[in-house]
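In our numbering, the protein residues as written are 4 to 440.
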């Protein structure tokens, strides 16, 4: 057995029998074929930023960290890269070539393959998830063959958000855009005002994100517009003050205090609302999209129809107060455009995302369970990389493309080589186990 593996939050752990670290596609094919031939299961791993048990296995883990090269950029702006490249590295490589990702979330330490597999998204009503811009690639299957995604449209739609259940990507082809800059303005506003004007805010800005503060009537609004204006980044001391001292060290102190003195949570929440302040930044897009996240937490995020976002946010805040939950972590709200990836949380609908967090080491289950019940009642779909308890019976009716995805899964991996306990619950058993049931 190998050393213990844990995810970024240090809450999902396992001790795989074998860890394979292939350096090229041939080695990846060999590793998968070798495991499958002796009845082993395989789970690919990236940087461990999923909060679920997606990568947990006591069998074979395939570590993609050596498959991290930028391979090519064609004349139409399609980047050809290996799956283990991080969003940070990819953004730097694209920037040097005058290109950028169309949109990003606020964490760039994820591998590209992991971001695609879980449907990672940013915010903006006109911009879908990163997965929607995958136009091709190469997939290593359980049988050891390598499939060209662009030659099979149905496979491409399934592979864009795959949860790692179809195989292991050895190459990714991603559509990029010309490099651009973002002017982001952060300000504190009354929460009710923001929720009442939510549709107008979303329609009037390229990117909108807000953080509702539990126990407070205030929220932090982040608005960004895309621009070609010259970059005007803040001084290093101001960046340190905002990103390191306030957003990380200050948040850590607040969360530690709340964990130690849970009865003080309402007071801490109101204090946070009073102390919150604004800022602004104008810089290259990837430097504005991504933020440093040094405070460890666990998270659950739900995709709901965009029209019900205000109800969802007010519902979460009401749960916190009614159940006297020791929560001071802000509730994050974002939006995304519809897309056609079969397992995308934004499949075929304008989507709002509501994310709840709890500090690492603090009790989270009662909070997340109550939020899950609320979100399921609002036709919510769980983010595949964030904590949830919903099984296949609950999830299948929420995805119009569910059976199409299962058909592809059955075709590529009928024996469940890429299935673990979490996927068996979330997606249902593989074809072989269904047949024997």
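Here a beta-carbon is modelled for each residue, glycine too, at the ideal position from N, C-alpha and C.
Out of the options, which one is the CA nearest neighbour of residue i?
| i | options | result |
| --- | --- | --- |
| residue 341 | 384, 350, 334, 420 | 350 |
| residue 219 | 199, 193, 18 | 193 |
| residue 362 | 299, 198, 206 | 299 |
| residue 108 | 127, 44, 168, 203 | 127 |
| residue 333 | 327, 357, 325 | 357 |
| residue 183 | 410, 290, 83, 63 | 290 |
| residue 382 | 339, 354, 408, 102 | 354 |
| residue 92 | 169, 66, 114 | 114 |
| residue 70 | 59, 86, 55 | 86 |
| residue 143 | 224, 420, 90, 186 | 420 |
| residue 395 | 380, 131, 424, 59 | 424 |
| residue 367 | 258, 397, 436, 62 | 258 |
| residue 308 | 378, 323, 67, 29 | 378 |
| residue 226 | 234, 213, 236, 261 | 213 |
| residue 205 | 228, 221, 222 | 228 |
| residue 320 | 359, 403, 352 | 359 |
| residue 427 | 403, 404, 393 | 393 |
| residue 295 | 110, 80, 76, 58 | 110 |
| residue 181 | 106, 348, 223 | 106 |
| residue 25 | 324, 325, 68, 179 | 68 |
The beta strand (DSSP E) that contains residue i, what's its start and end?
| i | result |
| --- | --- |
| residue 93 | Residue 93 -> not in any beta strand (DSSP E); alpha helix (DSSP H) instead, spanning 90-99. |
| residue 429 | Counting along the chain, residue 429 falls outside any beta strand (DSSP E), though it belongs to the alpha helix (DSSP H) covering 424-429. |
| residue 283 | 282-287 |
| residue 3 | Not covered by the structure: residue 3. The range shown for the chain is 4 to 440. |
| residue 304 | 300-308 |
| residue 211 | 210-215 |
| residue 142 | 137-143 |
| residue 355 | 354-362 |
| residue 75 | 73-76 |
| residue 172 | 171-178 |
Quick check on residue i - is its C-beta less than 7 Å from some C-beta in chain B?
| i | result |
| --- | --- |
| residue 127 | Checking the listed chains, one finds no chain B in this structure; it contains a single protein chain. |
Could you please give the first and the last residue of the uninterrupted alpha helix (DSSP H) stretch that includes residue i?
| i | result |
| --- | --- |
| residue 200 | From DSSP, residue 200 is part of no alpha helix (DSSP H); its letter is neither H nor E. |
| residue 372 | 368-379 |
| residue 40 | 28-40 |
| residue 236 | Per DSSP, residue 236 belongs to no alpha helix (DSSP H) and is neither H nor E. |
| residue 325 | 312-325 |
| residue 332 | Where residue 332 is concerned, there is no enclosing alpha helix (DSSP H), given that its DSSP letter is neither H nor E. |
| residue 159 | 156-162 |
| residue 222 | Not the alpha helix (DSSP H): residue 222 falls in the beta strand (DSSP E), residues 221-230. |
| residue 407 | 405-415 |
Can you tell me whether residue i is buried or exposed, with buried defined as 16 or more other CB within 10 angstroms of its CB?
| i | result |
| --- | --- |
| residue 327 | exposed |
| residue 74 | exposed |
| residue 27 | exposed |
| residue 339 | buried |
| residue 241 | Since pLDDT at residue 241 reaches only 46, below the 50 mark, its modelled position is unreliable, and no value is offered. |
| residue 406 | exposed |
| residue 140 | buried |
| residue 195 | exposed |
| residue 168 | buried |
| residue 409 | buried |
| residue 310 | exposed |
| residue 35 | buried |
| residue 100 | exposed |
| residue 335 | buried |
| residue 77 | exposed |
Sorted by chain position, which residues of the same chain lie with C-beta nearer than 6 Å to residue i's C-beta, five sequence neighbours on each side aside?
| i | result |
| --- | --- |
| residue 464 | Since the first and last residues shown for the chain are 4 and 440, residue 464 lies out of range. |
| residue 422 | 433 |
| residue 166 | 120, 387 |
| residue 56 | 15, 425 |
| residue 244 | With a pLDDT of 40 at residue 244, under the threshold of 50, the predicted position of this residue should be treated as unreliable, though the coordinate-derived value follows. Nothing meets the Cβ criterion. |
Just the C-alpha distance for residue i and residue j, rounded to the nearest angstrom, thanks.
| i | j | result |
| --- | --- | --- |
| residue 161 | residue 411 | 7 Å |
| residue 171 | residue 150 | 10 Å |
| residue 312 | residue 33 | 47 Å |
| residue 135 | residue 388 | 17 Å |
| residue 117 | residue 216 | 29 Å |
| residue 399 | residue 103 | 35 Å |
| residue 47 | residue 345 | 21 Å |
| residue 414 | residue 96 | 36 Å |
| residue 385 | residue 203 | 26 Å |
| residue 21 | residue 138 | 32 Å |
| residue 5 | residue 19 | 6 Å |
| residue 364 | residue 232 | 43 Å |
| residue 281 | residue 158 | 45 Å |
| residue 132 | residue 288 | 16 Å |
| residue 148 | residue 98 | 34 Å |
| residue 264 | residue 177 | 47 Å |
| residue 122 | residue 200 | 27 Å |
| residue 188 | residue 94 | 22 Å |
| residue 397 | residue 429 | 9 Å |
| residue 42 | residue 11 | 29 Å |
Under 8 Å Cβ to Cβ from residue i, same chain only, skipping five residues before and after it: list those, please.
| i | result |
| --- | --- |
| residue 286 | 184, 185, 234, 235, 236 |
Enumerate in chain order the residues of its own chain whose CB-to-CB distance from residue i is below 7 Å, with the five nearest sequence positions on each side excluded.
| i | result |
| --- | --- |
| residue 112 | 50, 52, 89, 91 |
| residue 374 | 303, 319, 322, 359 |
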